[in-house]
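Undergrad: A single structure is presented below for examination.
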Ligand SMILES: Nc1ncnc2c1ncn2[C@@H]1O[C@H](COP(=O)(O)OP(=O)(O)OP(=O)(O)O)[C@@H](O)[C@H]1O
Ligand SMILES: Nc1ncnc2c1ncn2[C@@H]1O[C@H](COP(=O)(O)OP(=O)(O)OP(=O)(O)O)[C@@H](O)[C@H]1O
Ligand SMILES: [Mg+2]
Ligand SMILES: [Mg+2]
């Protein structure tokens, strides 16, 4: 009998048990919170629905930024800390065009053209910034240990932020309202802001396009080959520099689009606006499985929903005051929880136990 | 000729030789997310210096003096305040310092500079502890309103004038906002009202709808969020989009008094109330500012900063002894005393009188209403 | 002779693929045994099952009288099994000597406080470990290269260093995964001598995977042949060479004759 | 002829590049902001920034073609590059009357234009600017055509002079500041000082260049026979270093001591993070959490304010700060045991944020003060004396560094240290070597955290009040950056890194709004220059050393 | 003119001089083998030819054109393909995707399809596993994939770096047969091998490298009979 117990005990993985217990504890607390909140019945059904809608909308923004993040990561295995700032560069520059167009009245008389023009400018700016960053801060260090480009990425992030602070000033600039996107609309019985709907639709479309591109086109395959082994990829005839540059261009263009949409929703831009979305997008990308395109999208939506719903649903039931202050705690706890039960993120491929 | 002055001040004197500038420090937040506060205050200080120089040409001309502003970044943190203060304190030619912006930086800075017998006057520290009887530093003063004063005014206005019975508040985790809403809530309760929700967001948050939805569930008469431009504008806008807040009156404080706020919040800001110093929108000052920096003041404390600097310069002039050769001697203790004895000083923020703990702001708080994109004082009635 | 390792009905699956299928195998104490088989037969997977990298779905692995399947690799190592890898896996940014000293980890017991205070236990163990490491370095013929970073060593030296590192834990059973891959015939003969030497001098039991028939046939006392995860033959080298199934699946006709000439000349 | 063409084409390209960089620094506002700061007499940092942005490009370009082209052509090309660079910048004031740059670029205003045109109006002034650029290019070309030794020496001397000029107001703040007075202007160096620094630098180069062969010969001669001589030298150097380290704050005065103290606190943290990242290879972006815990523990246990729970002294509280950080390190270590690489990075980043947000929260406000922080944290007493000024704290922090370095060093040289490094190299194989990954990882987290806790405790007492805002992500990033800039895994590198990333930015504090820009740019520059770090860990020559010892 | 020619090539890893003046040539239609001990510089030679390493001195010419000024991917377009040491398969791509990438430089759909069939015919195991992620293939399967992938480029010059490493004897035979086949169909081959016996049995000519220098160059026949070669590289005593 004791033999058996011993046999069993020897085979238990304490790490797993500890980690799982940890995860379980979080879950239990969360469930208690949820029960508490439901018991309180503080919110109406409509309000609960609103939370979900807000979450999905915010999630769409996260998803959009996370796509670019995950793309660069997937190819270079590099946490591009500057991605949030590349996003800012596009949105901020787009503002000036928006303001001018608004001044001349074109902004609201030809909204779609204006929007496309602004997006184009934002994309170009983001792409230029990304290309300079790549050329100066990343390319020379491609063979260096992995922590080194991480540091230059951090340096690039500061540099971009404060460059634009110097160029455009430190104030908050207000994006003009675009009339056709003002107000709400009804989808499947849900009242949702028109801009939000735009963001959600666009992020899904872009995700699908990106996924198809990476997965099925020749260029996409070349990207994945470069991700695995640059030398061997070049032996296949793939121009590695070109592919990397393309990746940055793609990621930055997405960031530019995301920037303009972001500005349309929140109607303000300033030089520091990229920092927090950058980190959130990174989190979303990891939740979904970093490097994985649909994962980034899923991660973004989940993160958005949890942030919107979590404080009211979980924390308030636990009797925690000012619960919205702790929404990032929820976001990061969610991240830990996901990684505990799925160490490579929700959709990250399980690199079936590395080949020994 | 040789100097004939003998310094008898127990803390020593600053001697400014002919041709040398009189140096005053500016320890402000000049980097990071809060830097618009510092940039704004710095403008106030520099314009005050310009005005003082223009008004006191003769006094300065004797020894060919000028006034130099030595700026240091005190950031919005305790260690930043400490570093800036250490650096300024190490420079024996600094006469006085304007700063800091954030109360967290003011905590250590006030102690260090007081230890070095250099007065520190803050345009935007509002934490009560800085001028509380036991904890205040020896030579620390401020022209900003102690949170206790402003919070009280807000609560009284909401309860008495607006007739509100319930109030909700939001702060952004800054000591300033957190304290202010707490004071407002406390006073509101004393008056007989109810604080139905005290919520908080984080700096950098953009989606305020969930927190507003929560507040909407308690249907407050007044929503008070004494925070800064960025998040303030977002709350103002999104409050219009959240069902249940249609009849709630929005209120803020001086952190949001700025043209940038009107721009950022747009139409949603119409009809909103903001508490602040008596003269919030000084056209004349704004013109000077635009002429000098090519932009409008980015935040709301430039007038306080202007007053702080003017107060300091006036006190310097008052205690300074000009030598035959033009050397200016400034006794340090006397300067500090002169500052504390400031009475009925007509500044841009009102009539300032300093109490023994260093609070100098005019106790009169205005409530402004935003009408047609302008801050219009509506209370107290003239 | 009593067996040191008994595998009974070991099965390891990857999704639908049965990489090791109901495998029985025993190694006698103090002997040299080999596993051969076509690429993808499941040899390395079998090694991984023994050393705790994988947990077999079925079957038992009994080492020195104790069941070890499902134990974590560090425990298996502490019980006395050490291994090398098909693609060399050294700690490439550590020196050769440090690599070996890491291998000695299970034999050392000082704790962090010993290290901080330099207690007698710490000093004794470190001294012993250093001496042992130097001895092993000489033993595998790498004297003088102790302070080279592992990644700067030539390929052959890296293979030998990996073996030295494995030996540092003073194992009873040593598993070698293609120790002569990428070596030329001269180096291969040296390796053969070296493996024999290990057994004779240190009394180790050795299990090896090899594709080089010269090596397998000259030093193994027993050979198991795997194909598609199954054992298709087992026996002495001469038997294996003659086994038609083995020739068909693995050796190939030409190679079989080639080996004869190779073994003859060796 | 073809190569001729490419040379001039390339010169034009470089001129454009020079102009682009010049435009960048002008529009970002660097030139204008730096203009307020004199470096050598009237020459301001703003001027220097412009000159450097053209000069560096011209220098690199001309130097590349030095051998291939004649001197005359180099000079012409220099003038072209400099002139073109200046012309692009001059385009701004010239076209300003037609284009409203200010709509987009905040700094593009009358002040900037008049600065660029020496107050002489758009046309005359611009011509002057172009002339200055061209002359500067010629000067560079002349320097480039000097013989190698002199060229390098002049460039170096130039850069050193600027640096000294830039930092010169620090000298006046020193205790021995009066010694430097004759060489200093109102701001920066005066002409005398500049000439002196320039001359000294060249003299030193000359001296060291002519001394070198002798020394190496000597070294070769002594090596086989007398190690004692080398040892003696090392001892003398060590003793000298000790004296300098001990006397430094007295020499530097309180502000620079304060800067050193910040460097010191980051060094302690760096030594800790070095264990986690450098040795054990666990990428941790939330290191600030433990710093915060150490600081808050100190605050709670010692504060004389309403939040103080024990009113202990610093010395009684320090062990608890360390312990709490250590326990937190272990607790936070558990859920990440299975995570690798970048997953670890983001999760630890999350932990750091969680701790900060909790410290800030209304929820825990009754206990730890929320946004209002903890005030009135007393200074450490020492036998009736009070450790109070930055100079006093210098010694306290020095002791902290000593302790941390000692522990880190001894751990590295042990079974545990080797296990960490093995894990860093290859986790699977390390496990197969009999290393218990759980214990090894958790000890790495625990030790790393405890150092940070120590630093936090000292910090709390040093600053006297703590606020949640002090414990933000930037600190984690800074500590990580400094260990990498210093050289991952290297202990002296930690110190060098904190000097570079904490000390230098402190000295740039007056450039407030541009400090972060300079910080970012220098992070990139440093990594490009020395990807392996400024003081990488040397390969340990254990075998050799031991054999000598035998 | 020789198809490929190296003249006095010096290549470095940092400060380590791995090739100390290599000169060799390969004629069209030949199989030439490089043999030598570990670390002799065989891989470095191949990497220099494909442009992964830039020589500090010397020239590499392909049909008279200097290759050293081209980047690796440009050299591929000139008809040079390599099976790298350690296979270098793309572990997270499927077998089929790996093969697709082999044909990256080609646009003739028909030809690619044909070649794909040929590769599958050569290695039926690959066809069986075509949707498996390549990283989970066994060593030998990966080697097949690497060769197959190189063939997909339809190279004129194929560089093989130790194709028999880690392969079962049957497969070694198969692979060598394949090499001869490919050669017969017109592909020139430069083969690096530890298995010198096999290599010399199929090659026309061979070079022996030692520590970055060529110490012997002769026909395969002569090398096989060379005493030094027999002793060190063929394992005959
Ligand atoms: N982690 C894994 N996931 C999925 N399949 C795997 C994994 N590891 C191995 N396999 C498959 O299991 C089979 C056996 O692989 P193994 O590596 O054991 O072969 P082997 O006998 O060592 O071959 P070789 O001699 O080529 O090294 C192969 O078909 C391989 O594709
Ligand atoms: N990345 C590298 N960095 C430094 N030195 C290297 C590197 N790669 C190879 N070398 C060195 O260059 C020399 C030649 O190596 P190369 O790989 O060309 O040998 P090889 O003949 O292919 O040997 P093998 O049979 O082991 O593959 C060796 O001394 C090796 O140590
Ligand atoms: Mg295998
Ligand atoms: Mg090789």
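Residue numbers (our numbering), protein chains in the order written: chain D, 11 to 366; chain Z, -14 to 367; chain A, 58 to 323; chain B, 678 to 1227; chain U, 3 to 239. Ideal placement from N, C-alpha and C gives every residue a C-beta, glycine not left out.
1. At a cut of 8 Å, does the region 768 to 782 of chain B reach the region 726 to 742 of chain B through at least three beta carbon pairs?
2. Any contact between the region 231 to 242 of chain D and the region 49 to 57 of chain D? By contact I mean 3 or more CB pairs, one from each, below 8 Å.
3. Distance check for residue 1212 of chain B and residue 1081 of chain B, CA to CA, integer angstroms please.
4. Answer yes or no: does any C-beta atom of chain D fall closer than 8 Å to that of residue 54 of chain U?
5. Who are the neighbours of residue 1196 of chain B on chain D, taking C-beta pairs under 9 Å?
6. Can you check DSSP and say which residues form a bridge with residue 336 of chain Z?
7. Got a sec: does ligand 1 put a non-hydrogen atom nearer than 7 Å to the Cβ of residue 91 of chain A?
8. If you measure beta-carbon to beta-carbon, which residues of the region 1027 to 1052 of chain B are closer than 9 Å to chain Z?
9. Should residue 806 of chain B and residue 767 of chain B be called a contact, given that it needs their Cβ atoms to be closer than 8 Å?
10. For a quick check, are the C-beta atoms of residue 297 of chain Z and residue 93 of chain Z less than 8 Å apart?
11. Rounded to whole angstroms, what is the Cα-Cα separation between residue 782 of chain B and residue 48 of chain D?
12. In this structure, does DSSP put residue 127 of chain U in helix, strand or coil?
13. To the nearest angstrom, how far is the alpha carbon of residue 268 of chain A from that of residue 300 of chain A?
14. What number of angstroms, rounded off, separates the C-alpha of residue 46 of chain D from the C-alpha of residue 325 of chain D?
15. My output table needs one value for residue 91 of chain U: the three-state DSSP class, helix, strand or coil.
16. Can you look up residue 209 of chain Z in the DSSP assignment and give me helix, strand or coil?
17. In the DSSP assignment, find the beta strand (DSSP E) that holds residue 84 of chain U and state where it starts and stops.
18. Contact between the region 84 to 95 of chain A and the region 271 to 290 of chain A is defined here as three or more beta-carbon pairs at a separation below 8 Å; is this criterion met?
19. Between residue 707 of chain B and chain D, is the shortest Cβ-Cβ distance under 8 Å, so that the two count as touching?
20. DSSP three-state call for residue 906 of chain B: helix, strand or coil?
21. How many angstroms separate the CA atom of residue 162 of chain A from the CA atom of residue 169 of chain A?
22. Report the rounded CA-to-CA distance for residue 893 of chain B versus residue 209 of chain A, giving the unit in angstroms.
23. Pull up the distance between the alpha-carbon of residue 42 of chain Z and that of residue 50 of chain Z, whole angstroms please.
24. Can you tell me which residues fall inside 7 Å of ligand 5, judged by beta-carbon distance to its nearest heavy atom, and keep chain order?
25. So residue 159 of chain A and residue 148 of chain A are supposed to be a Cβ contact under 8 Å. How far apart are they, rounded?
26. Beta-carbon within less than 6 Å of residue 163 of chain Z's beta-carbon, same chain only, minus the 5 sequence neighbours each way: which residues are those?
27. Does any residue of chain U bring its CB to less than 8 Å from the CB of residue 247 of chain D?
28. What does the Cβ neighbour count give for residue 29 of chain D, buried or exposed, with the cut at 16 atoms within 10 Å?
29. Is there contact here, the region 717 to 735 of chain B with the region 813 to 825 of chain B, by at least three beta-carbon pairs under 8 Å?
30. So, at 8 Å on beta carbons, what are the nonlocal neighbours of residue 128 of chain U in its own chain, with the 5 sequence-adjacent residues on each side left out?
31. List, from N- to C-terminal side, the alpha helix (DSSP H) runs of 4 residues or more that fit wholly inside the region 181 to 233 of chain U.
TA: From the atom records:
1. no
2. no
3. 19 Å
4. yes
5. 165, 168, 169, 172
6. Z:331
7. no
8. 1034, 1037, 1038, 1039, 1042, 1047, 1048, 1049, 1050, 1052
9. yes
10. no
11. 53 Å
12. helix
13. 17 Å
14. 9 Å
15. coil
16. strand
17. 82 to 85
18. yes
19. yes
20. helix
21. 14 Å
22. Model confidence at residue 893 of chain B stands at a pLDDT of 48, short of 50, so the residue's coordinates are unreliable; what they give is reported in the following sentence. Looking at the two C-alpha atoms, the distance is approximately 28 Å.
23. 9 Å
24. What this structure holds is ligand 1, ligand 2, ligand 3 and ligand 4, not ligand 5.
25. 6 Å
26. 156
27. yes
28. buried
29. yes
30. 97, 101, 121, 122, 143, 146, 147, 150
31. 198 to 204, 222 to 227
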